[in-house]
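Chains as they are written, first to last, in my numbering: chain D, 3 to 112; chain G, 4 to 118.
The C-beta atom is built at its ideal place from N, Cα and C for all residues, glycine as well.
The structure under discussion appears below in the form of structure tokens.
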Amino acid sequence: LAKTTQPISMDSYEGQEVNITCSHNNIATNDYITWYQQFPSQGPRFIIQGYKTKVTNEVASLFIPADRKSSTLSLPRVSLSDTAVYYCLLDNNAGNMLTFGGGTRLMVKP
Amino acid sequence: EAQVTQNPRYLITVTGKKLTVTCSQNMNHEYMSWYRQDPGLGLRQIYYSMNVEVTDKGDVPEGYKVSRKEKRNFPLILESPSPNQTSLYFCASSLLGQPSSYEQYFGPGTRLTVT
């Protein structure tokens, strides 16, 4: 299975833009890059998914270079409520085994 | 309201006493999955199901069973629980085969303690 690598933790301040990178050197052709957010004692929540270039929705942007070996989740103007763990994973949308990894713990400070 | 429900939310049991954690979704999703979450290990997939009567092992299937007799339900069965199965369990569901629009919906979690 293709594996992802993310920083264990990051700190930021309210109002700043936060960029979380994810490395996936062995990404397969059919894999989509997917990000989830998880608050303590809650189930993860889908944020965004992309295949290549840039994807943007109402909460985040996802930047994927041409070689697809990495990706960057961008959260514009974070607030305290964005403090959470963020998971990057590869998903081939075929229902196969998924691996979430350890995620990145983002702490937003006032 | 579209949702995934799990029951019970909290359970304390003893070693060897069979238990079932139920999972139900009301979104007509083909795909359902069980994960366990332990400190420092992220979420690890236990079993998944791509449709009724179709189940397969995930990363950590040992000690667990599942069944998928109906599309909406995907119970997790621990025939003989052991303390190393103490964990936070999540059920999830999603549609299949929809590139770039796929997302998993997670239940609220079941915190299991086996003594």
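Measure from the C-beta of residue i to each C-beta in chain G and report whether the shortest distance is under 9 Å.
{"i": "Leu77 (chain D)", "result": "no"}
{"i": "Leu100 (chain D)", "result": "yes"}
{"i": "Phe48 (chain D)", "result": "yes"}
{"i": "Ser43 (chain D)", "result": "yes"}
Less than 6 Å between C-beta atoms, sequence neighbours within five positions excluded: which residues of the same chain meet that for residue i?
{"i": "Val20 (chain D)", "result": "Ser14, Leu77 and Val80"}
{"i": "Thr7 (chain D)", "result": "Ser25"}
{"i": "Met35 (chain G)", "result": "Ser52, Phe77 and Ser96"}
{"i": "Ile22 (chain D)", "result": "Leu75, Tyr88 and Thr106"}
Is the Cβ of residue i closer than 9 Å to any Cβ of chain D?
{"i": "Tyr108 (chain G)", "result": "yes"}
{"i": "Arg47 (chain G)", "result": "yes"}
{"i": "Arg17 (chain G)", "result": "In the sequence as displayed, the identity of residue 17 (chain G) is Val instead of Arg. By this cut-off, Val17 (chain G) is not an interface position."}
{"i": "Ser90 (chain G)", "result": "no"}
{"i": "Phe77 (chain G)", "result": "no"}
{"i": "Ala95 (chain G)", "result": "yes"}
{"i": "Gly66 (chain G)", "result": "no"}
{"i": "Pro111 (chain G)", "result": "yes"}
Inspect the beta-carbon positions of residue i and residue j and report whether they are closer than 9 Å.
{"i": "Leu107 (chain G)", "j": "Phe77 (chain G)", "result": "Strictly speaking, residue 107 (chain G) in this sequence is Gln, with Leu absent from that position. No, these two residues do not count as a Cβ contact at 9 Å."}
{"i": "Arg39 (chain G)", "j": "Asn54 (chain G)", "result": "no"}
{"i": "Leu130 (chain D)", "j": "Gly104 (chain D)", "result": "Nothing about residue 130 (chain D) can be read from this structure; chain D reaches only from 3 to 112."}
{"i": "Gln44 (chain D)", "j": "Gly112 (chain G)", "result": "yes"}
{"i": "Arg75 (chain G)", "j": "Arg12 (chain G)", "result": "no"}
{"i": "Ile29 (chain D)", "j": "Trp37 (chain D)", "result": "no"}
{"i": "Ala86 (chain D)", "j": "Phe41 (chain D)", "result": "yes"}
{"i": "Thr19 (chain G)", "j": "Trp37 (chain G)", "result": "According to the sequence provided, residue 19 (chain G) is Gly. The question's Thr does not apply to it. Contact: no."}
Can you name the start and end residues of the beta strand (DSSP E) that residue i belongs to?
{"i": "Lys111 (chain D)", "result": "Thr106 to Lys111"}
{"i": "Ser90 (chain G)", "result": "Ser90 to Ser97"}
{"i": "Tyr34 (chain D)", "result": "Tyr34 to Gln40"}
{"i": "Val80 (chain D)", "result": "Here Val80 (chain D) belongs to no beta strand (DSSP E), and DSSP marks it neither H nor E."}
{"i": "Ala86 (chain D)", "result": "Ala86 to Asp93"}
Give me, in chain order, the residues of the same chain whose beta-carbon lies closer than 7 Å to that of residue i; leave out the 5 immediate sequence neighbours on both sides.
{"i": "Thr16 (chain G)", "result": "Leu22, Pro84 and Val117"}
{"i": "Glu33 (chain G)", "result": "Met53, Asn54, Leu98 and Leu99"}
Looking only at its own chain, which residues have a Cβ that is under 8 Å from the Cβ of residue i, when we skip the five neighbours before and after it?
{"i": "Asp59 (chain G)", "result": "Tyr50, Tyr51, Ser52 and Met53"}
{"i": "Ser103 (chain G)", "result": "The predicted position of Ser103 (chain G) is uncertain, since its pLDDT is 46 and thus under 50; a value taken from the coordinates is nonetheless stated next. Taken in chain order, the list of residues that qualify is empty."}
Since residue i contacts residue j with CB under 8 Å, what's their CB separation in whole angstroms?
{"i": "Gly66 (chain G)", "j": "Gln88 (chain G)", "result": "6 Å"}
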